[in-house]
Amino acid sequence: MNARTSLHVGMPSPLRSSRCVGTVGHKFLIDRRDLCEWNGLRMTAPVRTWCDLATVLDLEDLVAAGDYVINTEYGLATYSELEAAARRHRGRRGRARLFEALGLLSDRSRSRAESIIRTTIVLAGIEGLVVNQPIADARGVVIAEGDLCFPAHRVIFEYQGDYHRTEPERWRKDQTRKARLAAAGWTVVEIAGDELENRRMLLQIIRDTLALHPAR
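Numbered by full-length UniProt numbering, the letters in the sequence shown go through residues 1 to 216 in order.
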């Protein structure tokens with residue numbers, strides 16, 4: 001087991017941290033506002049857990065975790081609550097990363113891959129990105145939401161996993177959706193796992209695509 005797959009167990013100071021097999025022990029300074037209960041188990045609330053993750057996650061994954069917490073579909077917390085928790089985290093490890101991540105969060109991201117691609121784009125200084133924008137056809141009927149849109153360029157970037165190997169019906173629906181977007185004047189560029197692992201290649205694809213479709 002490693003730190004990413006082990007169970008992380010925190011103990012309030014001055015108690016000693018856990019040393020059980022399969023766990024990673026932590027000793028915390030805990031504020032009552034940082035606690036909640038889930039199925040009778042006392043634990044750190046989502047906003048405090050996100051703050052603690054700043055010591056073990058890189059910036060992109062910390063943004064992805066924060067996006068999940070504030071996503072409007074899940075309702076775990078608001079951006080303001082997350083920011084307040086980060087301010088209470090004063091003087092602790094990872095605080096600088098927390099505030100860097102706060103400036104990159106979006107409550108509209110719907111997957112880790114989408115959050116990572118968006119963060120890569122923003123940090124590279126590429127402007128004009130809109131997350132999950134509703135897109136209408138020539139008659140004004142909304143036909144889709146584009147994951148990562150550049151409206152001025154009429155370009156959409158979307159992450160695609162390998163689901164088409166096991167979910168042919170979903171794959172067919174996606175093909176119809178792409179055809180309708182193309183008919184509405186949008187170019188859809190799919191990003192796969194290889195591009196996600198190679199950020200230099202990812203940014204080159206994005207920049208080249210936007211250059212081929214100049215802003216209107």
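Every residue gets a Cβ at the ideal spot worked out from N, C-alpha and C, and that includes glycine.
- DSSP state of Gln160, grouped into three classes? As a first step, residue 160 must be located in the sequence shown, where it is residue number 160. Coil.
What three-state label does DSSP hand Glu114 in the structure shown?
Numbered from 1 along the sequence shown, position 114 holds the residue referred to as residue 114. The answer is helix: DSSP assigns Glu114 an H, G or I state.
Evaluate Leu210 with the Cβ neighbour count: other Cβ atoms within 10 Å of its Cβ, from every protein chain shown; 16 or more gives buried, anything less gives exposed.
Here residue 210 refers to the residue found at position 210 when the sequence shown is read from its first residue. Result: buried.
- Where does Arg216 sit, in a helix, a strand or coil, going by DSSP? By one-based count along the sequence shown, residue 216 stands at place 216. Coil.
By a C-beta neighbour count over all protein chains shown, 10 Å radius and 16 as the cutoff for buried, is Cys51 buried or exposed? Position 51 of the sequence shown, counting from 1, holds the residue named residue 51. Under this definition Cys51 is a buried residue.
Between Ser109, Leu53, Arg48 and Ser115, which has its C-alpha nearest Glu83's C-alpha?
Against the sequence shown, residue 83 aligns to sequence position 83. The candidate whose alpha carbon is nearest that of Glu83 is Arg48.
TODO: For my contact list, Leu202 and Ile117 are in at a C-beta cut-off of 8 Å; report their separation, rounded to the angstrom.
DONE: Residue 202 sits at position 202 when you count from the first residue of the sequence shown. Residue 117 sits at position 117 when you count from the first residue of the sequence shown. About 7 Å; that satisfies the 8 Å criterion.
For Val24 versus Ser13, is the C-beta spacing smaller than 8 Å? Indexing the sequence shown from 1 puts residue 24 at position 24. Indexing the sequence shown from 1 puts residue 13 at position 13. No, the pair does not count as a contact, with Cβ atoms beyond the cut-off.
Cys51 lies in the alpha helix (DSSP H); which residues open and close that run? Indexing the sequence shown from 1 puts residue 51 at position 51. That run of the alpha helix (DSSP H) goes Pro46 to Leu53.
| How many Å lie between Asn198 and Ser115 at the Cα? | Counting from 1 along the sequence shown, the entry for residue 198 is found at position 198. Counting from 1 along the sequence shown, the entry for residue 115 is found at position 115. Their backbone Cα atoms lie some 15 Å apart in a straight line.
Just the C-alpha distance for Pro46 and Asn39, rounded to the nearest angstrom, thanks.
Working through the sequence shown from its first residue, we reach residue 46 at position 46. Working through the sequence shown from its first residue, we reach residue 39 at position 39. One C-alpha to the other measures close to 15 Å.
For the beta strand (DSSP E) containing Asp147, name the first residue and the last one. Taking the first residue of the sequence shown as 1, we reach residue 147 at position 147. Note, Asp147: beta strand (DSSP E), Val142 to Phe150.
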